[in-house]
Amino acid sequence: MATIVLLGKLADLADAPSIALPLPRSAGLDWEGLKAALPTPLAEALDDPRVRVAVNGALLPDKMKLQANAGDEIALLPPVSGG
Amino acid sequence: MATIVLLGKLADLADAPSIALPLPRSAGLDWEGLKAALPTPLAEALDDPRVRVAVNGALLPDKMKLQANAGDEIALLPPVSGG
Amino acid sequence: MRHIRLAHQMFIPGTLIGPFTQANPGLGGVCTFVGEVRYDQGVEALELTHYEPLTLPGMHELADRAFARFDLMGLLMVHRVGLMRPGEPIVCVSAAALHRRDCIDAVDFCMDHLKSAAWFWKREKRGGQWHWIEPRAQDAADLARWQG
Amino acid sequence: MRHIRLAHQMFIPGTLIGPFTQANPGLGGVCTFVGEVRYDQGVEALELTHYEPLTLPGMHELADRAFARFDLMGLLMVHRVGLMRPGEPIVCVSAAALHRRDCIDAVDFCMDHLKSAAWFWKREKRGGQWHWIEPRAQDAADLARWQG
Numbered sequence: 065m066a067t068i069v070l071l072g073k074l075a076d077l078a079d080a081p082s083i084a085l086p087l088p089r090s091a092g093l094d095w096e097g098l099k100a101a102l103p104t105p106l107a108e109a110l111d112d113p114r115v116r117v118a119v120n121g122a123l124l125p126d127k128m129k130l131q132a133n134a135g136d137e138i139a140l141l142p143p144v145s146g147g
Numbered sequence: 065m066a067t068i069v070l071l072g073k074l075a076d077l078a079d080a081p082s083i084a085l086p087l088p089r090s091a092g093l094d095w096e097g098l099k100a101a102l103p104t105p106l107a108e109a110l111d112d113p114r115v116r117v118a119v120n121g122a123l124l125p126d127k128m129k130l131q132a133n134a135g136d137e138i139a140l141l142p143p144v145s146g147g
Numbered sequence: 024m025r026h027i028r029l030a031h032q033m034f035i036p037g038t039l040i041g042p043f044t045q046a047n048p049g050l051g052g053v054c055t056f057v058g059e060v061r062y063d064q065g066v067e068a069l070e071l072t073h074y075e076p077l078t079l080p081g082m083h084e085l086a087d088r089a090f091a092r093f094d095l096m097g098l099l100m101v102h103r104v105g106l107m108r109p110g111e112p113i114v115c116v117s118a119a120a121l122h123r124r125d126c127i128d129a130v131d132f133c134m135d136h137l138k139s140a141a142w143f144w145k146r147e148k149r150g151g152q153w154h155w156i157e158p159r160a161q162d163a164a165d166l167a168r169w170q171g
Numbered sequence: 024m025r026h027i028r029l030a031h032q033m034f035i036p037g038t039l040i041g042p043f044t045q046a047n048p049g050l051g052g053v054c055t056f057v058g059e060v061r062y063d064q065g066v067e068a069l070e071l072t073h074y075e076p077l078t079l080p081g082m083h084e085l086a087d088r089a090f091a092r093f094d095l096m097g098l099l100m101v102h103r104v105g106l107m108r109p110g111e112p113i114v115c116v117s118a119a120a121l122h123r124r125d126c127i128d129a130v131d132f133c134m135d136h137l138k139s140a141a142w143f144w145k146r147e148k149r150g151g152q153w154h155w156i157e158p159r160a161q162d163a164a165d166l167a168r169w170q171g
């Protein structure tokens with residue numbers, strides 16, 4: 065299992081702040097695999113180049129090269145608006 | 065009589081924050097007349113173009129065109145350093 | 024003196040600045056910015072979410088960059104997360120330095136980065152409905168001032 | 024809300040900012056700069072003199088220009104005159120606005136003008152001797168940023 069954490073409006077697209085993604089211990093998860101496993105509106109939103117991805121708290125320089133495994137926390141980060 | 069108010073380091077040159085300048089009620093005072101009536105080091109300091117002059121609280125656009133009379137307050141204002 | 028934290032509850036900026044100023048003896052100037060939730064048309068509440076593994080480390084990295092870029096004695100950054108009402112403070116940034124230019128510019132720099140390069144997401148409640156706040160072009164322009 | 028005055032005695036900036044913020048309900052941000060007498064090499068005291076007929080009217084004109092130039096809700100300027108010791112506040116400028124850029128820039132603008140275009144003269148006492156502080160080239164450069 066991997067945990068998908070959804071920030072900002074991405075959480076609305078899944079109606080939840082996180083998703084538990086079943087993932088066999090031996091199998092890896094790549095970018096296309098992640099998108100295929102998510103609800104379609106959320107998967108489509110991830111194509112926005114401003115959406116960043118972090119695995120276990122580390123930002124990926126290139127989200128397309130995602131390589132995650134069971135036990136990982138994958139955060140999906142839309143454009144920020146703080147202050 | 066006219067009152068000369070000396071600000072900043074100009075007060076040091078006269079050893080006083082102000083000078084009472086005898087001036088007949090009928091006589092006027094121009095820029096050269098003012099300088100002639102002041103101690104030499106002070107008169108020389110006034111030539112610094114950064115020194116401004118106010119008469120009765122109003123800044124003169126051109127101090128060389130000073131026209132003062134008995135009863136006036138003439139302020140001599142060296143470069144400022146506030147804040 | 025460095026004081027960087029997330030506030031999960033309402034905070035009073037005035038109670039931060041006195042101790043911060045005292046903690047930087049010999050300073051020539053201290054500049055402070057406080058941002059509050061505006062009473063915008065019909066805004067009932069504002070919520071800031073963050074991503075814990077990135078947000079506070081990101082604020083510390085921002086502080087590192089401010090210390091590297093400006094001649095600072097101290098830097099305070101307190102940022103609210105959670106649910107806020109109009110009038111409540113969202114963010115307080117304060118910088119202490121020998122000279123005014125460094126502390127004013129450091130506050131400006133930190134605010135521009137907190138606004139559009141820190142890991143916060145903001146939504147507003149209007150008419151009982153929540154609306155996510157999108158980043159504004161002005162925020163990107165403000166940020167660009169510090170690049171290059 | 025406009026609060027402009029000369030302070031002839033020591034003041035506590037923290038006691039000004041709370042009431043100033045309260046007096047501008049609906050603000051989005053408030054920026055405050057406080058300048059203090061630095062503990063510079065052997066400085067025992069600092070004295071600021073001013074010319075009453077020009078100084079306060081000049082501060083009000085400066086406030087007019089800040090209100091014309093920036094979108095402000097409130098502006099506070101309190102400037103000490105007289106004898107001060109290291110660690111005492113000299114000046115406090117605070118600006119309240121809907122948006123952060125206006126209030127930060129207004130404080131920056133007012134400080135640059137108070138520093139080199141307001142009617143104050145400063146001298147320091149070192150080793151028992153008073154020395155007048157000359158304007159610095161940096162001050163003129165800071166001021167020039169706002170021209171044209």
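Residue numbers (the numbering used here), protein chains in the order written: chain A, 65 to 147; chain B, 65 to 147; chain C, 24 to 171; chain D, 24 to 171. Glycine included, C-beta positions come from ideal geometry on N, C-alpha and C.
Exercise. With 16 as the cutoff for other CB atoms within 10 Å, does C/Asp63 come out buried or exposed?
Worked result: The residue in question, C/Asp63, is exposed, as its Cβ has fewer than 16 Cβ neighbours within 10 Å.
Exercise. Between the region 28-61 of chain D and chain C, which residues of the former have CB atoms less than 8 Å from a CB of the latter, in chain order?
Worked result: The residues in question are Gly37, Ile40, Gly41, Thr44, Pro48, Gly49, Leu50, Gly51, Gly52, Val53, Cys54, Thr55, Phe56, Val57, Gly58, Glu59 and Arg61.
Exercise. How long is the line joining the alpha carbons of B/Ser90 and B/Ala132, rounded to whole angstroms?
Worked result: Each residue's alpha carbon lies about 11 Å from the other.
Exercise. Are there three or more Cβ pairs, one per stretch, closer than 8 Å when the region 146-155 of chain C is compared with the region 116-134 of chain C?
Worked result: Cβ pair count under 8 Å is below three, so no.
Exercise. For A/Asp126, which of helix, strand or coil comes out of DSSP?
Worked result: Coil.
For this session: Would you mind stating whether A/Leu124 and C/Tyr74 have Cβ atoms separated by less than 8 Å?
Result: Going by C-beta atoms, A/Leu124 is not nearer than 8 Å to C/Tyr74.
Problem set entry | Limits of the unbroken beta strand (DSSP E) element including C/His17 | Limits of chain C in this structure are 24 at one end and 171 at the other, which puts residue 17 of chain C out of reach.
For this session: Please determine if the region 106-121 of chain C and the region 50-61 of chain C are in contact, where contact requires at least 3 C-beta pairs separated by less than 8 Å.
Result: Below 8 Å, enough C-beta pairs join the region 106-121 of chain C and the region 50-61 of chain C to call them touching: three or more.
Problem set entry | Under the three-state DSSP convention, the category D/His31 falls into | D/His31: coil per DSSP, three-state reduction.
Exercise. Which value, in whole angstroms, describes the spacing of the CA atoms of D/Ala167 and C/Lys145?
Worked result: Cα-Cα distance, rounded: 38 Å.
Problem set entry | Where B/Pro81 falls, given that 16 or more other Cβ within 10 Å makes a residue buried | Flag for B/Pro81 reads exposed.
Exercise. What does a CB cutoff of less than 6 Å around C/Gly58 pick up in its chain, not counting 5 residues either side in sequence?
Worked result: Around C/Gly58: Ile113 and Val114.
Exercise. Span of the alpha helix (DSSP H) holding C/Gln64?
Worked result: Run containing C/Gln64: none; DSSP gives neither H nor E here.
Exercise. Just checking my contact of D/Ala86 with D/Met100 at CB under 8 Å: how many whole Å lie between their CB atoms?
Worked result: Confirmed, about 6 Å.
For this session: Output the residue ranges of the beta strand (DSSP E) runs that lie fully inside the region 82-142 of chain B and measure 3 residues or longer, sorted by chain position.
Result: For the region 82-142 of chain B, the full-length beta strand (DSSP E) segments reaching 3 residues or more read 82-85, 92-94, 116-119, 131-133 and 137-141 along the chain.
Problem set entry | 8 Å Cβ cutoff met for D/Arg103 and D/Ala30 | Yes, the Cβ-Cβ distance between D/Arg103 and D/Ala30 is below 8 Å.
For this session: Please name the residue or residues paired with D/Pro112 in a DSSP beta bridge.
Result: DSSP links D/Pro112 through a beta bridge to D/Glu59.
Exercise. Checking contacts by CB at 8 Å: is C/Trp144 closer than that to chain A?
Worked result: Proximity of C/Trp144 to chain A, defined by a Cβ-Cβ separation below 8 Å, is satisfied.
Exercise. What are the boundary residues of the alpha helix (DSSP H) that C/Arg123 is part of?
Worked result: Taken as a continuous stretch (DSSP letters only), the alpha helix (DSSP H) holding C/Arg123 covers Arg123 to Ser139.
Exercise. Given that D/Arg103 touches chain C, what residues does it touch there, using C-beta distances under 8 Å?
Worked result: Correct list: empty, because the minimum Cβ distance to chain C is about 14 Å.
For this session: Using beta-carbon positions only, say whether C/Arg25 and C/Gly97 come within less than 8 Å of one another.
Result: Yes, the Cβ-Cβ distance between C/Arg25 and C/Gly97 is below 8 Å.
Exercise. Any Cβ of chain C within less than 8 Å of the Cβ of A/Pro125?
Worked result: So no, A/Pro125 is outside the interface.
For this session: Label B/Arg116 either buried or exposed according to how many other C-beta atoms from any shown protein chain fall within 10 Å of its C-beta, with 16 as the threshold for buried.
Result: Counting C-beta atoms within 10 angstroms of its own C-beta, B/Arg116 has 16 or more neighbours from the protein chains shown and is therefore classed as buried.
Problem set entry | C/Met170 to B/Leu93 span [Cα, whole Å] | It is worth fixing the name first, because residue 170 of chain C is Gln in this sequence and not Met. Taking the straight line from one Cα to the other gives about 58 Å.
Exercise. Taking buried to mean at least 16 other C-beta atoms within 10 Å of its own C-beta, is D/Pro42 buried or exposed?
Worked result: Classification of D/Pro42: exposed, given that the 10 Å Cβ count is below 16.
For this session: Report yes or no: is there a C-beta of chain D within less than 8 Å of the C-beta of C/Val130?
Result: A Cβ of chain D is located within less than 8 Å of the beta carbon of C/Val130.
Exercise. With which residues is B/Ile68 paired in a DSSP beta bridge?
Worked result: Per DSSP, B/Ile83 and B/Ile138.
Problem set entry | Beta carbon proximity, C/Ala91 to chain A, threshold 8 Å | Not one chain A Cβ lies under 8 Å of C/Ala91.
Problem set entry | Own chain residues within Cβ distance below 7 Å of B/Asn120, not counting five before or after | Asp136 and Glu137, listed in sequence order.
For this session: Check whether the Cβ of C/Met134 lies closer than 8 Å to any Cβ atom in chain D.
Result: Chain D contact via Cβ: present.
Exercise. Using a C-beta to C-beta distance shorter than 8 Å, which residues of chain C count as neighbours of A/Ala118?
Worked result: Result: Tyr74, Pro76 and Leu77.
Exercise. Using a beta-carbon distance below 8 Å, is A/Ser82 in contact with chain C?
Worked result: Interface with chain C (8 Å Cβ-Cβ cutoff): A/Ser82 is excluded.
Exercise. Does any residue of chain F bring its CB to less than 8 Å from the CB of D/Asp165?
Worked result: Among the protein chains of the structure shown, namely A, B, C and D, there is no chain F.
Problem set entry | Nearest-angstrom Cα separation, counted from C/Glu157 out to A/Pro105 | The alpha-carbon separation between A/Pro105 and C/Glu157 amounts to approximately 18 Å.
For this session: Please name the residue, chosen from B/Lys127, B/Ala100 and B/Ala109, that lies closest to B/Lys73 on a Cα-to-Cα basis.
Result: For B/Lys73, the closest of B/Lys127, B/Ala100 and B/Ala109 by C-alpha to C-alpha distance is B/Ala109.
For this session: With a threshold of 16 other CB atoms inside 10 Å of the CB of D/Ala141, please say whether the residue is buried or exposed.
Result: It is buried - the Cβ of D/Ala141 has at least 16 other Cβ atoms within 10 Å.
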